[in-house]
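Student:
Numbering (the numbering used here), first residue to last: 5 to 153.
(1) Do residue 109 and residue 65 have their C-beta atoms closer together than 7 Å?
(2) Please determine, among 152, 81, 104, 115, the residue with the shortest C-alpha to C-alpha distance to residue 45.
(3) Rounded C-beta distance between residue 7 and residue 26? I'm assuming under 8 Å.
(4) From this set, 17, 24, 30, 18, which residue's C-alpha is nearest residue 10's C-alpha?
(5) For residue 141 and residue 81, I'd like the C-alpha separation in whole angstroms.
(6) Roughly how many angstroms lie between the CA atoms of residue 41 and residue 55, to the nearest whole one?
(7) Does residue 36 pass the burial test, meaning 16 or more other C-beta atoms within 10 Å, or should it be called exposed?
(8) Less than 8 Å between C-beta atoms, sequence neighbours within five positions excluded: which residues of the same chain meet that for residue 88?
(9) Roughly how many angstroms separate the alpha carbons of residue 133 and residue 102, rounded to a whole number?
(10) One question on the structure: do residue 57 and residue 74 come within less than 7 Å of each other, judged by their Cβ atoms?
(11) Would you please state the rounded distance, in angstroms, between the beta carbons of residue 68 and residue 83? I believe it to be under 8 Å.
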């Protein structure tokens with residue numbers, strides 16, 4: 005369905021304005037689908053993102069700064085999200101022995117197990133873009149990268 009039909013707006017200031025509105029509308033559409041996949045597992049998108057970052061560093065630790073740098077949502081409150089993951093037993097925090105200001109964050113076996121079980125959901129996540137061919141998905145990625153240049 006076209007953007008115009010979805011939001012019941014027939015005119016835009018110009019093609020760039022339509023593009024911005026389309027990006028925002030599509031972002032929210034994709035986000036809702038991702039949340040629908042993650043919600044039954046009691047995870048937010050930010051928690052899932054952090055668990056994947058920690059999994060990528062396993063068995064080494066990560067710091068809040070490293071996690072923040074790699075987060076998809078740069079406005080996330082990393083400390084609060086990590087606290088929630090710790091409370092759920094999915095991550096653990098250890099202070100460095102030689103620098104008390106430094107805090108190491110690790111994924112726990114429970115966190116690893118959860119994230120590995122969720123690997124089967126990657127097909128569902130990839131399916132959000134299944135209306136695009138491989139070539140169209142590659143072109144979408146190229147265009148999105150170009151916007152951020």
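Virtual Cβ for every residue (Gly too), placed ideally from N, Cα, C.
Tutor: On the basis of the supplied data:
(1) yes
(2) 115
(3) That pair is a contact at about 5 Å.
(4) 30
(5) 31 Å
(6) 16 Å
(7) exposed
(8) 51
(9) 47 Å
(10) yes
(11) 6 Å
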